[in-house]
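Trainee: Pasting a structure below so you can have a look.
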Amino acid sequence: MTTRSTLVAGLATATAIALGGAAQAQEMKIGAIVPMTGDLQAYGETTLNGIRLAEKEINAAGGDISVVVGDTQTAPQSGVDAAQKLVSIEKVSGLVGALSSGVTIPIAQSVSAVVGVPQISGASTSPVITTLNDNDFLFRTVPSDAGQGVALAQVTKERGIDTAAIMYVNNDYGKGLADSFQSAFEAMGGTVTQSVGFEKNQAAYRGELQNAADGGAEHLVLIAYPESGQTILRQALEGGTFSQFIFTDGMKAPELVDALGAEYLNGTFGTTAKSLESQGGQHFADAWVAEYGAESDKPYHDTAYDAVYLLSLAAVKAGSTEPDAVRDALRDVANPPGEVVHPGEYAKAVELLKAGEDIDYEGAAGSQNFDSNGDVAGTFELWVIQDGTFVSEKVFEPEAM
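When we follow the working numbering, the leftmost residue of the sequence shown carries the number 1184, and every step to the right adds one.
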């Protein structure tokens, strides 16, 4: 269903009126492919809220975009079906999503790269995406797990942990991050005793847990999504195989603490892609609280927000909402050189573009400078569960390997 956001009042409305026809001349449809159900549904609503916030700001500043939503169900075929509908029936100019790399990659291979529609994921971190044959139609506003694996290994060693077992969801995201962590951890002198893959949505994981525990490690690096992750954690605690856990971005979900109890997860730490403090990040944080009433503990709402801004600005730069023209203009608005523009400065960006000037969008999640593979560099957050709350300890750039 297509939903158009209501224009906000006050100064933003006055700006839109003053701009008149300065923004794109025709409506632009953007497809949001998000997991409203399935193993990643805990992130679906938050991600969509980030997309909706960008839509609202852009339209308030004179833009003309509408977001059409497709539910991936956190499943490859459902994701492909949703994307195909958005492209063939809704005629979207670009796609934002998916979240899971195991869904994003099939969508790119079956839809966006084949039809020629730009796709920007704000959450898919598998290293496989870097070298994927996507005809340069797949981009991401989140750094690769090649970096997160190093970051997680670094903070694990800093905490005096020299031995760990790994359990990972058996898809491109899980396997890629498991391999990245193991390679970096062992290069730093650590030992991975076991690395065990598992399938999503099983009723029991006791066999996989026992295999992971066979090497004698006390810490389990759990690379999972919240629904399956909750089952694994519960059975690990009940069976006594593990009681100390290390998480990655896919497990940063308050629902886990609510379901299991803070006393079992306090002290658990993990990593998530996160930018250093910036003007764009502060604008996004303030706008989020104003719109939704409270901050969010979950990742990737800011990267999805940036994806919408980039697609819209690319259409203005191209003077067209045709998908291939939007794709061709993405690096022009995302990368230097050009005058830096931030979230909340859509009207300024449009004025510059209409005057023939270059812009460099610095987003809510930091710089979004696409390289030749559509990847961005990034920094990572170390967070710890304290008294049932996710507490940020630091944001840092991982060591070079």
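Beta carbons are placed, not taken as given, at the ideal position from N, Cα and C, and that holds for glycine. All of these numbers come straight from a predicted model, not from anything done at the bench.
Considering Cα atoms alone, identify which of Ala1436, Asp1432, Asp1441 and Leu1403 is closest to Phe1425.
Mentor: Nearest of Ala1436, Asp1432, Asp1441 and Leu1403 to Phe1425, Cα basis: Leu1403.
Trainee: Of the residues Gly1280, Val1250 and Ser1261, which one's Cα is nearest the Cα of Lys1274?
Mentor: Cα-wise, what sits closest to Lys1274 is Val1250.
Trainee: Closer than 7 Å: is that where the CB of Ile1568 sits relative to any heavy atom of the ligand ADP?
Mentor: With respect to the ligand ADP, the structure shown offers nothing to examine, as it has no ligands at all.
Trainee: Just the Cα atoms here: how many angstroms apart are Lys1481 and Leu1223?
Mentor: If I take the Cα positions, the gap works out to 12 Å.
Trainee: Keeping to the same chain, check which residues put their C-beta closer than 8 Å to that of Thr1220; ignore five residues upstream and five downstream.
Mentor: For Thr1220, where only same-chain residues beyond five positions count, the Cβ hits under 8 Å are Gly1227, Asp1254, Gln1256 and Thr1257.
Trainee: Can you have a look at Ser1271 and say buried or exposed, based on whether 16 or more other CB atoms are within 10 angstroms of its CB?
Mentor: Exposed, since its Cβ has fewer than 16 Cβ neighbours within 10 Å.
Trainee: Less than 8 Å between the C-beta atoms of Thr1230 and Ala1487, yes or no?
Mentor: Contact flag set, yes.
Trainee: By alpha-carbon positions, which one of Gln1292, Glu1438, Gln1393 and Glu1505 ends up nearest to Gly1422?
Mentor: The candidate whose alpha carbon is nearest that of Gly1422 is Gln1393.
Trainee: With distance defined between alpha-carbon atoms, name the residue in Gly1557, Leu1513, Val1491 and Gly1549 nearest to Leu1536.
Mentor: Among Gly1557, Leu1513, Val1491 and Gly1549, the Cα nearest to that of Leu1536 is on Leu1513.
Trainee: Ordered along the chain, which non-local residues of its own chain (more than five positions away) have a Cβ less than 7 Å from that of Gly1262?
Mentor: Excluding positions up to five away in sequence, the list reads Ile1216, Thr1255, Ala1281, Val1286, Pro1289 and Ile1290.
Trainee: Run through DSSP, which three-state label would Arg1323 get?
Mentor: Here Arg1323 sits in strand by DSSP.
Trainee: When the Cα atoms are used, what is the spatial distance from Tyr1544 to Val1491?
Mentor: Each residue's Cα considered, the two are about 12 Å apart.
Trainee: Alpha carbon to alpha carbon, what distance is there between Asp1485 and Gln1385?
Mentor: Whole-angstrom Cα-Cα distance: 31 Å.
Trainee: How many Å lie between Glu1576 and Arg1389 at the Cα?
Mentor: If you take the alpha carbons of Glu1576 and Arg1389, they lie about 33 Å apart.
Trainee: Of all the CB atoms in chain B, is at least one closer than 8 Å to the CB of Ser1295?
Mentor: Protein chains in the displayed structure number just one, and chain B is not present.
Trainee: In the DSSP output, what is Met1211 paired with across the bridge?
Mentor: Paired residue(s): Ile1248.
Trainee: State the Cα-Cα distance for the pair Pro1519 and Thr1431, rounded to the nearest angstrom.
Mentor: Spanning the two alpha carbons is a distance of roughly 31 Å.
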